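S.K.: Quick mapping for you: the protein sequence lines, in order, are chains B, G and L.
In this text, residue positions in the first sequence follow full-length UniProt numbering: the first is 1, and each later residue adds one.
In this text, residue positions in the second sequence follow full-length UniProt numbering: the first is 1, and each later residue adds one.
In this text, residue positions in the third sequence follow full-length UniProt numbering: the first is 1, and each later residue adds one.
We put the CB at the ideal spot given by N, CA and C, even for glycine.
These numbers were taken from a predicted model, which means no experiment stands behind them.
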Amino acid sequence: MSETVEITCISCPMGCDVELEVNEDDDIVDIDGNSCQAGIEYVKNEYRNPTRILPTTARVKGGVLPLVPVKTDEPMPKGLLDEAMEEIAKVELEAPVELGDVVIENILDTGVNIVATRDLPKK
Amino acid sequence: MNKQEYELVVVGGGPAGLAAAQEAYDQGVRDILILERDFELGGILQQCIHNGFGLHYFGEELTGPEYAQQFMENVRERGVDIKLDTMVLEVTPEKDVYAINSDDGMLYIDAEAVILAMGCRERTREAIDIPGTRPAGVYSAGTAQRYVNMEQWIPGEKVVILGSGDIGLIMARRMHLEGAEVEAVLEIMPFSGGLVRNIVQCLDDFDIPLRMQQTVTEIHGKDRLEAVTVAEVDENMQPIPGTEYKIECDTLLLSVGLIPENELSKDAGVKMHDVTGGPIVNEGRETNIEGIFACGNVLHVHDLVDWVTEESLVAGKTAANYLQGGIDKREQEIEVNPGENVGYIVPQKITNDVEDRKLVDLYMRCKKPMEHVTINLYSGDKKLLDKNERRVEPGEMITFPVPEQMISDDMDSLKVDIVKEGE
Amino acid sequence: MKDKTDILIIGGGVTGCFAARELSRYDLDITLVEKEPSLCTGTTKANTALIHAGFNADPDKLKGRLNMRGNQLYHERIQHELDVPIEWLGALVVAKEEEKLPKLEELLEKGQENGVPDLEIVKGDDIYDLEPHLADDAIAALHAPTAGIVNPFELTVALANNAAMNGADVYLEAGVEDIEDKGETKLVKTAKGDIEADIVINAAGLYADKIANMVGIDKFEITPRRGEYYLYDKQADIDVQTTVFPVPTKITKGIVVTPTDEGNVLIGPNAEVIESVENKSTTREGLDEVLNGAQKTIPELSKRNVIREFAGLRPAITETGDFLIEASDEVPGFINVAGIQSPGLASAPAIAEKVVGIVEEEIGGLKEDPDFDPNYEGPPKFRHMSHEEQAKLVEEDENYGQIICRCESVTKGEILEAIREPVGARTVNDIKRRVRPGSGRCQGGFCEPKVVNILSEELGIPENEVVLESEESKLLRERTKEPLLNEEEVSDNE
Ligand SMILES: Cc1cc2nc3c(=O)[nH]c(=O)nc-3n(C[C@H](O)[C@H](O)[C@H](O)COP(=O)(O)OP(=O)(O)OC[C@H]3O[C@@H](n4cnc5c(N)ncnc54)[C@H](O)[C@@H]3O)c2cc1C
Ligand SMILES: Cc1cc2nc3c(=O)[nH]c(=O)nc-3n(C[C@H](O)[C@H](O)[C@H](O)COP(=O)(O)OP(=O)(O)OC[C@H]3O[C@@H](n4cnc5c(N)ncnc54)[C@H](O)[C@@H]3O)c2cc1C
Ligand code: SF4
Numbered sequence: 001m002s003e004t005v006e007i008t009c010i011s012c013p014m015g016c017d018v019e020l021e022v023n024e025d026d027d028i029v030d031i032d033g034n035s036c037q038a039g040i041e042y043v044k045n046e047y048r049n050p051t052r053i054l055p056t057t058a059r060v061k062g063g064v065l066p067l068v069p070v071k072t073d074e075p076m077p078k079g080l081l082d083e084a085m086e087e088i089a090k091v092e093l094e095a096p097v098e099l100g101d102v103v104i105e106n107i108l109d110t111g112v113n114i115v116a117t118r119d120l121p122k123k
Numbered sequence: 001m002n003k004q005e006y007e008l009v010v011v012g013g014g015p016a017g018l019a020a021a022q023e024a025y026d027q028g029v030r031d032i033l034i035l036e037r038d039f040e041l042g043g044i045l046q047q048c049i050h051n052g053f054g055l056h057y058f059g060e061e062l063t064g065p066e067y068a069q070q071f072m073e074n075v076r077e078r079g080v081d082i083k084l085d086t087m088v089l090e091v092t093p094e095k096d097v098y099a100i101n102s103d104d105g106m107l108y109i110d111a112e113a114v115i116l117a118m119g120c121r122e123r124t125r126e127a128i129d130i131p132g133t134r135p136a137g138v139y140s141a142g143t144a145q146r147y148v149n150m151e152q153w154i155p156g157e158k159v160v161i162l163g164s165g166d167i168g169l170i171m172a173r174r175m176h177l178e179g180a181e182v183e184a185v186l187e188i189m190p191f192s193g194g195l196v197r198n199i200v201q202c203l204d205d206f207d208i209p210l211r212m213q214q215t216v217t218e219i220h221g222k223d224r225l226e227a228v229t230v231a232e233v234d235e236n237m238q239p240i241p242g243t244e245y246k247i248e249c250d251t252l253l254l255s256v257g258l259i260p261e262n263e264l265s266k267d268a269g270v271k272m273h274d275v276t277g278g279p280i281v282n283e284g285r286e287t288n289i290e291g292i293f294a295c296g297n298v299l300h301v302h303d304l305v306d307w308v309t310e311e312s313l314v315a316g317k318t319a320a321n322y323l324q325g326g327i328d329k330r331e332q333e334i335e336v337n338p339g340e341n342v343g344y345i346v347p348q349k350i351t352n353d354v355e356d357r358k359l360v361d362l363y364m365r366c367k368k369p370m371e372h373v374t375i376n377l378y379s380g381d382k383k384l385l386d387k388n389e390r391r392v393e394p395g396e397m398i399t400f401p402v403p404e405q406m407i408s409d410d411m412d413s414l415k416v417d418i419v420k421e422g423e
Numbered sequence: 001m002k003d004k005t006d007i008l009i010i011g012g013g014v015t016g017c018f019a020a021r022e023l024s025r026y027d028l029d030i031t032l033v034e035k036e037p038s039l040c041t042g043t044t045k046a047n048t049a050l051i052h053a054g055f056n057a058d059p060d061k062l063k064g065r066l067n068m069r070g071n072q073l074y075h076e077r078i079q080h081e082l083d084v085p086i087e088w089l090g091a092l093v094v095a096k097e098e099e100k101l102p103k104l105e106e107l108l109e110k111g112q113e114n115g116v117p118d119l120e121i122v123k124g125d126d127i128y129d130l131e132p133h134l135a136d137d138a139i140a141a142l143h144a145p146t147a148g149i150v151n152p153f154e155l156t157v158a159l160a161n162n163a164a165m166n167g168a169d170v171y172l173e174a175g176v177e178d179i180e181d182k183g184e185t186k187l188v189k190t191a192k193g194d195i196e197a198d199i200v201i202n203a204a205g206l207y208a209d210k211i212a213n214m215v216g217i218d219k220f221e222i223t224p225r226r227g228e229y230y231l232y233d234k235q236a237d238i239d240v241q242t243t244v245f246p247v248p249t250k251i252t253k254g255i256v257v258t259p260t261d262e263g264n265v266l267i268g269p270n271a272e273v274i275e276s277v278e279n280k281s282t283t284r285e286g287l288d289e290v291l292n293g294a295q296k297t298i299p300e301l302s303k304r305n306v307i308r309e310f311a312g313l314r315p316a317i318t319e320t321g322d323f324l325i326e327a328s329d330e331v332p333g334f335i336n337v338a339g340i341q342s343p344g345l346a347s348a349p350a351i352a353e354k355v356v357g358i359v360e361e362e363i364g365g366l367k368e369d370p371d372f373d374p375n376y377e378g379p380p381k382f383r384h385m386s387h388e389e390q391a392k393l394v395e396e397d398e399n400y401g402q403i404i405c406r407c408e409s410v411t412k413g414e415i416l417e418a419i420r421e422p423v424g425a426r427t428v429n430d431i432k433r434r435v436r437p438g439s440g441r442c443q444g445g446f447c448e449p450k451v452v453n454i455l456s457e458e459l460g461i462p463e464n465e466v467v468l469e470s471e472e473s474k475l476l477r478e479r480t481k482e483p484l485l486n487e488e489e490v491s492d493n494e
């Protein structure tokens, strides 16, 4: 028995709805609906190992703002986004913060770091 | 009154103002002042903490604050004067600028050139005419974005978002990730104005439903928002009786469009364009008032900040030329007119004779989404140039570079249309 | 809250506040209680704001007589004493059909009988000199130069503050829950505590029948009649000069188009009897009726440039269709000021005058307070000043150098003043009504967070305790990250 999975390709503005056919062994047996080659790469990756950049904020004490924006320095597994949010929520930094400062190293053992995306001076 | 003189005053320290100031400096202008009403530079980008900026300009994907910081550092390095927490109250046609802050009091600045870069504001509930009560809990998406990302406040727990442009989509993800429940994103049109990527990564990833051709027809709740009535709409965007249903929620975020912020421009006598809501400009981004320029979202609403930067560099450069002895005019002005399926084109006219210029970029929006199209440039009946695109949509600005050598002295108008490939 | 007073006024609308202010001229202890966190949240918040000239007033009715007197008092006294925008823009009743002309004549005669000065019927180009935006098929119009507009929010706030300056006490969030008639005095139970009063004045607007019921009076009932409005941006191209009425018919008074004191254009109201005194929602049908009606006199109007829609409820006593202003003969010391529908605002000074008369009778003479000061000045209006005046203001106080509302150019200084007045602002909407941040085209998108922040600092409460209007209308929930941390704690506890 094979199964069909729908994935929207986002490699370009076309946004093709691509169908993957996957067999019992989880092998991709067919790909349909893409308009170009780039779409195949994208959906394979998105099926096997979907990853995302997570942009969010972290709390800061004594800064000109109570939050500093942060992001993952590499895409991280999509399934861990919610958990990562909880980890980041626990952090409270001290101002000043600089762009690029590592806020959490190797979050949830993903090998990805959470880094600040702006300077935040002291109040 | 605190009187000062500057060669160039830039109103607004967002990406537009920053890039314009930077370029004017690099072209040799030294006496530049940026006036910004917020406590810091960067404009709206400081609250756009998501990634998706700079792919075109920097060749890498940055977040809003990262993009902004780059340009903030650039102007600081150049020693451009900056006044923060300073609101510009008036710009006169003579380029007198009145601004105010708590330290200097009222500033009266005699400027030789002014660049308007005030950005835009969000359309409100009344702009789209939703009847009902007036409880707490109805916000524009941008206001909510500032609260959540900068002020550290979450406006509510159960959220409905009206409008599926990028801001609405981005806020759906932000609210979800910060622990709120996003019940639905509603879109009155049959298509979303947002990027496919944002639909996938902001909605699909979290199973947030996107409901097309639906809108909010009534707001309920005496004190705090309690629910919204939603209805399907017909092809004229009118609610279809009988399709109404209620969604319980304590928060409604409106992402229903942006309006260029041109009150200052109008007072300065700058002529506005009906469709863009911004000034009418030439290719140097100069308005009808000599020495007053405009760029960025105050001129027309951009979806990508990269184009804001490009446009503002042009404005900065022309302002510098203006200050350094004037701009040569073409013998004949060329009107730039939108043709089939083109909503607007900026600039609205080409008037300058610039020696070292290779390209004139036309920025435009299509009226409806189309796939496999040809974009044609005509002078009269004569086709000058075309380019094919896989897909165009109103949410994404199209840039169309026109080589300088194609623009000849005997032209009086250019026209662009967007048609199905092969037509 | 104090526990005794000579006179207790229930209701912080224009009626209650005017009564408080006029009574504070005398050697009396005055207390006003209002159930909401701010003044002016009832009918006084949402109306057309006209000081009617009185040509349509029915001299057989109290409301007709008080309208005439009220208009006179605004002209003679109020506009000079209180720092409140009142403008005598005049009114036009516009006829577009021949068959409406007799009605116009009738209004003229009635107005002249009522003593309305300077009424005349204008024709042809003269009509368009008075109002250039009128539909081009107008054939005649009744012109009433003594009609005016007033800012009802600033008026009410000025009255309450002037009363407070003269010794009255004003308690907000002090809703009256019950009244015990103890013969000589009344024990009034409020959300803020009990207070014993010799005289109680019921000016509770839409709730006046419920208040009367508390002492056993059930001779009248308030029926809410809703009216809806559209308000336009100041910069809209249609800058109407004067208040424009269509000729009234037996069925409808028609939709009014009028400038506001700040130069916005306001259109409305329709009239619809509804069930609940709480139902201030606008409706598709109502708003459409308003726009269609307004287009009859000013055809250029559309939905373009609308910046606000709202609805108000007229607290009508249907049986009489009139005001009810009297000392109860069932319950001595209890004065009803009820059924104050339109023209309640225009009549307000005269209503207060009448109330003073009734109190005088009840008490048997009043003694003037020699220290009474009739003058009140509100926060400065930065937006109306020249740049030179603005410069001077910032020099004196740097808070005037911080613009909080960009659309209306409202400074932090003005907002602080509004909060620090004797009867200070406590809610976002109250600040908006008094000094206008959020009244412009962006409707608070830009300034609301800033206003919330200032309120939070001044009142010493966290920002998520700041309310929009009513006690329950909090604007913010939790600090970002809290929901995520809470979940964590919950799972830790399990
Ligand atoms: C929510 C949102 C999401 C976006 N997402 C993306 C994205 O993913 N990728 C992307 O490339 N682009 C995105 N954009 C678009 C991009 O950010 C904007 O086009 C760009 O920031 C506009 O720059 P600007 O300088 O014209 O305006 P702004 O950034 O708005 O700057 C205008 C500045 O002028 C100041 N100002 C205004 N009036 C006055 C006055 N009277 N006196 C003094 N100062 C004044 C303002 O305070 C502000 O700082 C997004 C925009 C928004 C709103
Ligand atoms: C659509 C419309 C248009 C109008 N147009 C005009 C016009 O153009 N010109 C004109 O002259 N008049 C007009 N009016 C009439 C005018 O607005 C009213 O007559 C006037 O505002 C009534 O004021 P008020 O103080 O009596 O009532 P309100 O303003 O309703 O005040 C009553 C107050 O009592 C408070 N209260 C209620 N219950 C309690 C309690 N238990 N304890 C404590 N406090 C309580 C309420 O919260 C409220 O603040 C209009 C009215 C409407 C609805
Ligand atoms: S499949 Fe190709 S054309 Fe379709 S969205 Fe992906 S990249 Fe674009």
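Short of 9 Å Cβ to Cβ, which residues in the segment 23–45 of chain G face chain B?
M.R.: F39, E40 and G42
S.K.: May I have a chain-ordered list of the beta strand (DSSP E) segments no shorter than 3 residues that lie completely inside the segment 19–55 of chain B?
M.R.: 28–32
S.K.: I think K103 (chain L) touches D137 (chain L), with their Cβ atoms under 8 Å apart; what is that distance to the nearest whole Å?
M.R.: Their Cβ separation, rounded to whole angstroms, is 17 Å, which puts K103 (chain L) and D137 (chain L) out of contact at 8 Å.
S.K.: Counting only C-beta atoms, is I73 (chain B) closer than 9 Å to chain G at any point?
M.R.: Sequence inspection shows Asp at residue 73 (chain B); the Ile mentioned does not correspond to that position. Chain G, which has no Cβ nearer than 9 Å to the Cβ of D73 (chain B), makes this no.
S.K.: How many angstroms separate the CA atom of C16 (chain B) from the CA atom of L203 (chain G)?
M.R.: 17 Å
S.K.: Tell me the DSSP secondary structure of G263 (chain L) in three-state form.
M.R.: Secondary structure of G263 (chain L) (DSSP, three-state): coil.
S.K.: Should P343 (chain L) be listed as close to ligand 2, given that the test is whether its C-beta is under 8 Å from any heavy atom?
M.R.: yes
S.K.: Measuring straight from C-alpha to C-alpha, what distance separates E488 (chain L) and I107 (chain B)?
M.R.: Caution is warranted here: a pLDDT of 49 is assigned to E488 (chain L), below 50, making its placement in the model unreliable, and the coordinate value is therefore given only provisionally. Their backbone Cα atoms lie some 17 Å apart in a straight line.
S.K.: What is the rounded straight-line gap between the Cα of P315 (chain L) and the Cα of E228 (chain L)?
M.R.: 15 Å
S.K.: Between which two residues does the beta strand (DSSP E) harbouring N161 (chain L) extend?
M.R.: First-last for N161 (chain L): P152 to M165, but that is the alpha helix (DSSP H), not the beta strand (DSSP E).
S.K.: Between Q47 (chain G) and E40 (chain G), is the Cβ-Cβ spacing less than 9 Å?
M.R.: no
S.K.: So, at 8 Å on beta carbons, what are the nonlocal neighbours of I477 (chain L) in its own chain, with the 5 sequence-adjacent residues on each side left out?
M.R.: Sequence check: residue 477 (chain L) is Arg here, not Ile. If we look at R477 (chain L) and ignore the five residues flanking it on each side, its Cβ neighbours are N464.
S.K.: Please list the terminal residues of the continuous alpha helix (DSSP H) segment that includes M385 (chain L).
M.R.: Note, M385 (chain L): premise wrong, no alpha helix (DSSP H); not H, not E.
S.K.: For V91 (chain B), I'd like the list of residues in its chain whose CB is within less than 7 Å of its CB, leaving aside the five on either flank, ordered along the chain.
M.R.: Here the set comprises A58, R59, V103 and I104.
S.K.: With ligand 3 as the reference, list in chain order each residue whose Cβ lies under 5 Å from any of its heavy atoms.
M.R.: B:C9, B:S11, B:C12, B:M14, B:C16, B:N34, B:S35, B:C36, B:A38 and B:G39
S.K.: Is DSSP giving T43 (chain L) helix, strand or coil here?
M.R.: Reduced to three states, the DSSP call for T43 (chain L) is helix.
S.K.: Based on the DSSP output, what are the partners of Q70 (chain G) in its beta bridges?
M.R.: In the DSSP output, where bridge partners are listed per residue, Q70 (chain G) has none listed.
S.K.: Please tell me whether, using a cut-off of 8 Å, the distance from the CB of P85 (chain L) to the nearest non-hydrogen atom of ligand 2 is below it.
M.R.: no
S.K.: Go through its chain and collect everything with a Cβ distance to I78 (chain L)'s Cβ below 6 Å, but skip five positions before and after it.
M.R.: Cβ within range, chain order: P349.
S.K.: Output yes if chain B places a C-beta closer than 9 Å to the C-beta of E157 (chain G); else output no.
M.R.: no
S.K.: Report the neighbours of L20 (chain B) on chain G: residues whose CB is nearer than 9 Å to its CB, in chain order.
M.R.: Neighbours of L20 (chain B) on chain G: none; closest Cβ ~15 Å, over 9 Å.
S.K.: Could you tell me the alpha carbon to alpha carbon distance between L186 (chain G) and R390 (chain G), rounded to whole angstroms?
M.R.: 27 Å
S.K.: Does at least one heavy atom of ligand 2 sit under 8 Å from the Cβ of H52 (chain L)?
M.R.: yes
S.K.: To be precise: take each residue of the segment 37–48 of chain L, compare its Cβ to all Cβ atoms of chain G, and keep it if any distance is under 7 Å. Which residues remain?
M.R.: none
S.K.: Under the criterion of a Cβ to heavy atom distance below 8 Å, does P55 (chain B) qualify as lining ligand 1?
M.R.: no
S.K.: Out of curiosity, what's the CA-to-CA distance linking A20 (chain L) and D373 (chain L)?
M.R.: 14 Å
S.K.: Where does the unbroken beta strand (DSSP E) through N341 (chain G) begin, and where does it stop?
M.R.: Run containing N341 (chain G): none; DSSP gives neither H nor E here.
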